[in-house]
Amino acid sequence: MDAYIDGFLDYLARERQASAHTVNAYAVDLRQFCDYLQRSGRADPADWDTTLWEGFMHYLRRRSMSESSIARKLSAARAFLKHLYRRGVLEHEPPDALATPRVHRALPSTLTPHELRRLLLQPPLDTPYGLRDRTMLETMYTTGMRVSELLGVTLEQLNLSEALVRVVGKRGRERWLPLPDGTVYWLQRYLSDARPKLARPKRPCNALFLNDRGAPLSRISFWNKLKEYAASAGIEKAISPHTLRHSFAVHLLNGGADLTAVQ
205 MDAYIDGFLD YLARERQASA HTVNAYAVDL RQFCDYLQRS GRADPADWDT
255 TLWEGFMHYL RRRSMSESSI ARKLSAARAF LKHLYRRGVL EHEPPDALAT
305 PRVHRALPST LTPHELRRLL LQPPLDTPYG LRDRTMLETM YTTGMRVSEL
355 LGVTLEQLNL SEALVRVVGK RGRERWLPLP DGTVYWLQRY LSDARPKLAR
405 PKRPCNALFL NDRGAPLSRI SFWNKLKEYA ASAGIEKAIS PHTLRHSFAV
455 HLLNGGADLT AVQ
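Count along the sequence shown from 1, add 204, and you get the number used in our numbering.
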């Protein structure tokens, strides 16, 4: 089964152009699915009927997982089995899940303009890390880009003379985003005063935003810094990198922007 999982993950990465984060999430979910098959004595595909999903769901619930996590793991297992069927590994198409948990998605929180200003004032500008963080927060909010897009920006994708940045989104889709004058200012300041202190000449890296080892900054590091700054700003609502993206859209709409343009 491990070889089939590896083949499916390779298919996601190469043919579907899924991000490394997505591929890793599928890997974790499918290992758990295989663990269930082995523990329940259903490793033989001939035993996979409509009760497969009900049994897997109970198996996950006994581990006190949330309904959203259960729904995601069921979806991952179903996609994997359908992939095996299309590749001719399974003779019969796997049954659909009959009772996928209903997941109620809450809207992401939004920062008010006042909260946003407080947040932007938190990074200490007398350190290269603080200047980097201020620039990242400014760039993410004023462009509305995803955190994966922000962390994936390279020096070659930045065109400050034209006030543009090229980002690579889901499935490798590229688009150019305009940079407001204020954001250009912070990027120029970061590039001149902070990034040279973070870069390691012996280990050159073309990522725009670097960590203390001169390597690309990770999602976890950015998330942790964001929560730290939110706490110091006295922001009590739940906050994540997507909060900045959602705030960008809401503030545009409140300012009279067209909904289709924002989308």
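Don't be surprised by glycine CBs; every beta carbon is placed ideally from N, CA and C.
Note that this is a predicted model, so its numbers are computed, not measured.
Residue range of the alpha helix (DSSP H) that includes residue i
i	result
Glu366	That residue, Glu366, is in no alpha helix (DSSP H); it is neither H nor E in DSSP.
Arg265	Thr255 to Arg265
Ile439	Looking at the DSSP string, Ile439 is not in any alpha helix (DSSP H), and its letter there is neither H nor E.
Thr339	Pro332 to Thr347
Gln242	Ala224 to Arg243
Gly211	Asp206 to Arg218
Gln392	Asp385 to Arg393
C-beta contact flag for residue i and residue j at 7 Å
i	j	result
Gln221	Arg407	no
Thr358	Thr387	no
Leu448	Met340	no
Lys441	Ser313	yes
Ile443	Glu319	no
Trp390	Glu432	no
Leu421	Leu355	yes
Gly418	Arg399	no
Ser451	Leu315	yes
Leu256	Ala247	no
Assigned secondary structure, residue i (DSSP; H/G/I helix, E/B strand, else coil)
i	result
Thr358	strand
Val371	strand
Leu448	helix
Pro400	helix
Leu421	coil
Val323	The sequence given here has Leu at residue 323, not Val. If DSSP states are grouped into helix, strand and coil, Leu323 belongs with the helices.
Leu414	strand
His455	Below a pLDDT of 50, predicted positions are generally treated as unreliable, and His455, at 49, falls in that range; no measurement from the model is reported.
Pro317	helix
Leu430	helix
Ser272	helix
Contact test: residue i Cβ vs the ligand MG heavy atom, cutoff 6 Å
i	result
Trp257	Judged by which ligands are present, the structure shown has none, so any question about the ligand MG falls away.
Unbroken beta strand (DSSP E) run spanning residue i, endpoints
i	result
Leu381	Glu378 to Pro382
Within-7 Å CB hit, residue i to chain B
i	result
Leu402	Absent here is chain B; the protein component of the structure consists of one chain.
Taking 8 Å as the threshold, find out whether the segment 409-416 comes into contact with the segment 313-329 through three or more Cβ pairs.
The segment 409-416 is not in contact with the segment 313-329.
Considering only residues of the segment 274-303, which uninterrupted beta strand (DSSP E) runs meet the minimum length of 3 residues and lie entirely inside it, listed in chain order?
Whole beta strand (DSSP E) segments, 3+ residues: zero.
With contact counted as at least three CB pairs below 8 Å, one residue from each stretch, are the segment 356-373 and the segment 328-337 in contact?
Too few Cβ pairs lie closer than 8 Å, so no.
Would you call the segment 231-238 in contact with the segment 263-281, where contact means no fewer than 3 C-beta pairs closer than 8 Å?
The way I'd put it, the segment 231-238 does touch the segment 263-281; three or more beta-carbon pairs between them come closer than 8 Å.
Can we say the segment 253-273 touches the segment 210-224, given the rule of at least three CB pairs closer than 8 Å?
Put simply, the segment 253-273 does not touch the segment 210-224. Fewer than three CB pairs are less than 8 Å apart.
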